[in-house]
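S.K.: Converting from the sequence shown to the working numbering requires adding 12 to each position, the first position being numbered 1.
Each residue gets a CB set at the ideal place from its N, CA and C atoms; glycine is no exception.
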Amino acid sequence: MCMAQDPNELLPIVNADDEVIGLKKRCDIHSQGLLHRAVSILLVNTKGEIYLQQRSRLKDSYPLKWTTSASGHVDPGESYLQAAERELQEELSLQAELDFLGKIPASVHTDYEFMEIYLTVTDQIPTPDPIEIEQGCFFSLEGAWKLALDQTTRSPSLERALTLYEERLQNQSA
């Protein structure tokens, strides 16, 4: 049964090499475990605080779970970067430069999503879309990790995104 806000939304499905091979309904993709694409964005302010969102109770996957600043599926004809820019605008009403952090291969642990993670560092104040987001707030890196390591309160992408962000911080200080 399709429980998404738009059960007829068509999304690209991909093969094991992340090449588009067709379109399927969002709910079919999730119920059948088909490979597809998604993005996650971490918004960090100049104090180093990370903005995290609690997903809306209306979401069909991970409702009320804490996750990255913004996230979503890649639409037909979109690049990963275009999807990240769109999601940042739709969910937080922000336009900002995005920096690629890394790509996570699709697996059962990612809900069969190839996921690209992006970072933006800005002091712009997010305006969360109440349909998409229950609440959002800034956390220290330590506070973000506390959420990320609690499997009862977070989506799986949060831990992966924070790992990539910490690797970036370590590389910058090396």
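#1: What residues in its chain sit with their C-beta under 7 Å from that of L174, if we drop five residues either side in the sequence?
#2: Between the Cα of I116 and those of R172, E31 and I41, spot the shortest distance and give me the residue it belongs to.
#3: Quick one: Cα of P138 to Cα of L170, how far?
#4: What residues are listed by DSSP as bridge partners for V166?
#5: Could you tell me the distance, in whole angstroms, from the CA atom of L46 to the CA atom of L181?
#6: Are the CB atoms of E144 and S81 nearer to each other than 7 Å?
#7: Looking at the secondary structure, which residues open and close the alpha helix (DSSP H) in which Q147 lies?
#8: Among L23, V51, A28 and E21, which one has its Cα closest to the Cα of E97?
#9: Which value, in whole angstroms, describes the spacing of the CA atoms of Y63 and M127?
#10: Can you pull the DSSP bridge partners for Y177?
#11: Looking at C-alpha atoms only, which residue of Q65, H42 and G34 is the closest neighbour of Q147?
#12: Can you list, in chain order, the residues of its chain with a C-beta nearer than 6 Å to that of Y74? Leave out the 5 residues immediately preceding and following it.
#13: Could you check if I33 is buried or exposed, using at least 16 other CB atoms within 10 Å of its CB as the buried criterion?
#14: Which term fits K59, buried or exposed, when burial requires 16 or more other beta carbons within 10 angstroms of its beta carbon?
M.R.: Well, looking at it:
#1: A156, W157 and A160
#2: R172
#3: 18 Å
#4: A small fix is needed here, since residue 166 is Arg in this sequence, not Val. Paired residue(s): W78.
#5: 33 Å
#6: no
#7: Unbroken run through Q147 is the beta strand (DSSP E), I145 to F151; no alpha helix (DSSP H).
#8: V51
#9: 19 Å
#10: Answer is none; Y177 lacks a bridge partner.
#11: Q65
#12: R67 and S167
#13: exposed
#14: exposed
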